Structures are given as C-alpha cells and as structure tokens.
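*Asks:* All the letters of the sequence shown, read from the start, carry residue numbers 1 to 289 under full-length UniProt numbering.
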Amino acid sequence: MLFRAELGRLAVAVAESGPDALGGRLPGGPLVLARPVSGALRVEQDGQNALVTPRTLVALDTSRPHHVVVPCRAHVVALLVPHALVGLNPEDTTGLTAATWSGTEAAAAPLFHLLAGIDRSIAQLAPATAEQLGSGITDLVGALLVRRLCRDTAAEAAELRRSLLLRIQSDARLNLSDPDLGPAGMARRHHVSLRYLHKVFHEQGLSPASWIRDERLARCRTDLLDPRLAHLTIAAIGERSGLRGASTFTRLFRERYGVTPGEFRRAAVHATATSPGAVAIVRTPAPVG
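1) If you run the structure through DSSP and keep just helix, strand and coil, what is L115?
2) So what does DSSP say about Q204, is it helix, strand or coil?
3) Rounded to a whole number of angstroms, what is the C-alpha to C-alpha distance between A109 and G103?
4) What would DSSP say about P36, mapped onto helix, strand or coil?
5) Please classify G28 as buried or exposed, where buried requires at least 16 other C-beta atoms within 10 Å of its C-beta.
6) Which residues bound the beta strand (DSSP E) around R42?
7) Could you check where the beta strand (DSSP E) with S102 kicks off and where it finishes?
8) On a CA-only basis, which of A34, P90, R228 is nearest V58? Give me that one, please.
9) Throw me the rounded Cβ distance for the I168 and V12 pair, which I believe falls under 8 angstroms.
10) Quick one: grab the DSSP three-state call for A128.
11) Whole angstroms is fine: what's the gap from T260's alpha carbon to T250's?
12) For D171, which three-state DSSP category applies?
13) Using 8 angstroms as the threshold, is the C-beta distance between V81 and P30 below it?
14) I'd like the list of long-range same chain contacts for P208, defined as Cβ closer than 7 angstroms, with 5 residues on each side in sequence excluded.
15) Taking buried to mean at least 16 other C-beta atoms within 10 Å of its own C-beta, is C220 buried or exposed?
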C-alpha cells in the first residue's frame with residue numbers, strides 16, 4: 001500500500017501491486033469502492049465476476065468471502081466505507097458485490113473523477129477538513145449504492161426512505177453545534193412526522209437520538225486531535241458539537257470510546273511529540289453499541 005488517509009470514519013487507500021491475487025473474508029470489514037487508475041482487476045464475489053479497467057468503478061464487501069486478481073501491475077485507489085456509514089447491513093449488499101459502474105454514468109462520474117485525482121496531499125488535511133470531505137464523499141457513495149440496490153417497486157420505496165435518511169443525516173451533521181438539535185426538529189425540517197422519522201432510522205438499526213449523540217462524539221473526537229483547537233477546554237470542545245457541560249461530555253465520551261476526552265487528547269499530544277511531523281493516530285477501544 002502506498003498510503004492510507006482517514007476522512008472521518010471513511011478511509012481512502014492507494015496501492016500499487018501485481019501480478020497478485022488476494023481474498024478471503026474480513027469479519028466486520030468495510031465496503032470497498034475501487035478504481036484502477038492504471039492496470040486492471042478481476043473481482044469475484046457471491047458468484048459474480050467483474051473485469052475492472054480504468055474506465056470503471058467496482059464494489060465489493062470485504063466482510064464476506066471475495067477474491068481479487070491483479071493480472072499485471074496496477075495502480076488502484078479505493079474508498080473503505082463502514083456499512084453503518086451508508087445505512088447498510090452486510091446481508092443487504094448482495095446486489096452490490098462485484099457490481100461495476102462506468103465513469104460516464106451520471107451517478108458514478110463524481111466519484112470516478114474524484115478517485116483519479118487523489119494523491120498523498122489528502123493525508124495532510126487538517127482533521128476537521130478531512131472529516132468534512134469524508135462527509136461529502138459518504139453522501140455520494142450512499143446515493144450511488146442505494147440506486148444500484150433498488151430495482152423493483154418495493155425497493156423503490158425503500159430507496160426513497162434511504163435517500164431521505166441520507167439527506168436528514170447530511171443536514172444534521174451541518175447543525176451538530178446546535179444543542180437543541182433533536183428528532184422533533186429534524187422531522188419538522190424535512191416535513192415528515194416524528195413517527196416516520198423513527199421508522200426511517202429504525203430500518204437501518206438506528207435511533208435518531210443515539211445517532212445524533214454518536215455523530216457529536218465523533219466530531220468531538222476529531223476536534224480533540226486538531227492542534228489548532230488545543231487552546232480550547234474540554235467543555236468548549238463539547239459545546240462546539242452541541243454537548244453542554246464538561247461532566248456530561250466526559251461521561252458520554254468515556255462510555256463511547258473507553259477513555260475520557262482529556263486522556264484522549266493527552267495521548268494524541270504524546271503521539272505527536274514522540275514522532276514530530278507525523279499525523280497522530282490514537283487507538284481507543286472499539287465503540288460500545
């Protein structure tokens with residue numbers, strides 16, 4: 001792998017390899033959306049086969065058995081997308097495995113060109129900027145995958161609900177600093193009933209309130225890594241994402257990540273100090289829930 005960059009909870013990886021073959025199954029692994037900028041790939045999953053060239057994108061689900069053949073030297077750019085980030089469960093992705101899109105398709109063109117332009121500079125983005133970019137890419141990926149999944153009338157209704165959910169989530173991410181952001185307000189902003197809002201979230205195994213909390217905590221985690229915000233107190237970091245009160249913020253953060261915000265920030269500072277010029281990577285226990 002040439003390099004990997006984290007864009008919030010989305011990641012981008014760039015690799016050169018081949019001839020080579022790889023595969024298997026990665027429990028809890030992400031969805032992958034990849035484009036060979038040069039060379040080619042052959043992807044096999046769920047009985048589907050795809051030959052992927054620089055003119056196409058391909059999707060595969062690493063949480064299920066898969067096989068990838070790189071017949072010659074290839075330069076590949078890939079997005080690594082957690083299932084939950086686009087409102088999918090692993091059992092929902094059969095229609096996506098080894099699926100391809102032409103770079104000329106309207107729905108795929110933005111991602112197609114984005115992947116071609118990614119280079120090492122993306123790894124130098126400030127954490128907050130990287131998260132904002134990741135949020136925008138997530139919306140594009142979610143819309144592309146949902147469109148492919150939905151082929152019949154019943155699925156079209158589900159597509160509408162998933163598209164609504166993506167719009168609601170995208171809008172909410174822009175308003176996390178509002179401490180009054182909540183399910184009722186989200187329903188009003190998008191002209192749906194509160195009951196229907198809960199239905200849309202519940203279909204993806206989520207609840208509006210817990211999703212808002214987790215998004216706020218994830219934003220706080222990013223802010224704690226940002227050296228430009230080092231002058232802010234823990235309470236101020238929480239307030240930037242709508243979490244009032246240092247004690248409440250600390251309790252929620254520890255429940256989610258296993259450490260307090262102060263401990264997390266100190267670990268990040270220590271990691272940077274011991275490796276000057278490097279991007280700090282702080283590993284915390286897996287989130288609960």
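Ideal placement from N, C-alpha and C gives every residue a C-beta, glycine not left out.
Bear in mind that the values here come from a model prediction, so they are computed numbers and not experimental data.
*Replies:* Straight from the coordinates:
1) helix
2) coil
3) 5 angstroms
4) strand
5) exposed
6) 41-45
7) 99-102
8) A34
9) About 25 angstroms separates the two Cβ atoms, so there is no contact after all.
10) helix
11) 6 angstroms
12) helix
13) yes
14) P183, M186, L197, H198, F201
15) buried
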